[in-house]
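Heads up, the thing below is written out as structure tokens.
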Amino acid sequence: MDDRKGIAVNCRVCHRWKKPLGRSAPLGMANGLCDFECGGYDAEPLPGSLWPGELKSEFGFPCSDYGTVEVPDA
Ligand SMILES: [Zn+2]
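Using my numbering, you'd call the opening residue of the sequence shown number 14 and step up by one each time.
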């Protein structure tokens, strides 16, 4: 089965990277990320649930395919 991995999603309003949905940003990083307080967070391109480079199979929870790319089987 193909896996998916998270990619960085850039906000078109504040031009910061969007924090993955429902995830807490590491301390010290939160201020540099776009989150739900920004009007652009819920707009296209939509954020996903994975951190950039994180695999859906590692995450282990159901999540949308937003903010991800397909990783073909090796
Ligand atoms: Zn933003």
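All residues carry an ideal CB built from backbone N, CA and C; glycine is no exception.
6 Å CB neighbourhood of residue i in its chain, flanking five on each side removed
i, result
"cysteine 76", "Ser62"
"leucine 68", "Asp16 and Lys18"
Residue i - containing alpha helix (DSSP H), residue span
i, result
"lysine 69", "69-72"
Residue i CB to nearest heavy atom of ligand 2 below 6 Å
i, result
"valine 26", "Ligand 2 is absent from the structure shown, which contains only ligand 1."
Residue i - partner residues in DSSP beta bridges
i, result
"lysine 31", "Cys47"
"glycine 19", "Pro65 and Thr81"
Sequence-distant residues of its chain with Cβ nearer than 7 Å to residue i (five each side left out)
i, result
"cysteine 51", "Cys24, Val26 and Cys27"
"glycine 53", "Cys24, Arg25, Val26, Cys27 and Cys47"
"arginine 29", "Gly45, Leu46 and Cys47"
"glycine 66", "Lys18 and Gly19"
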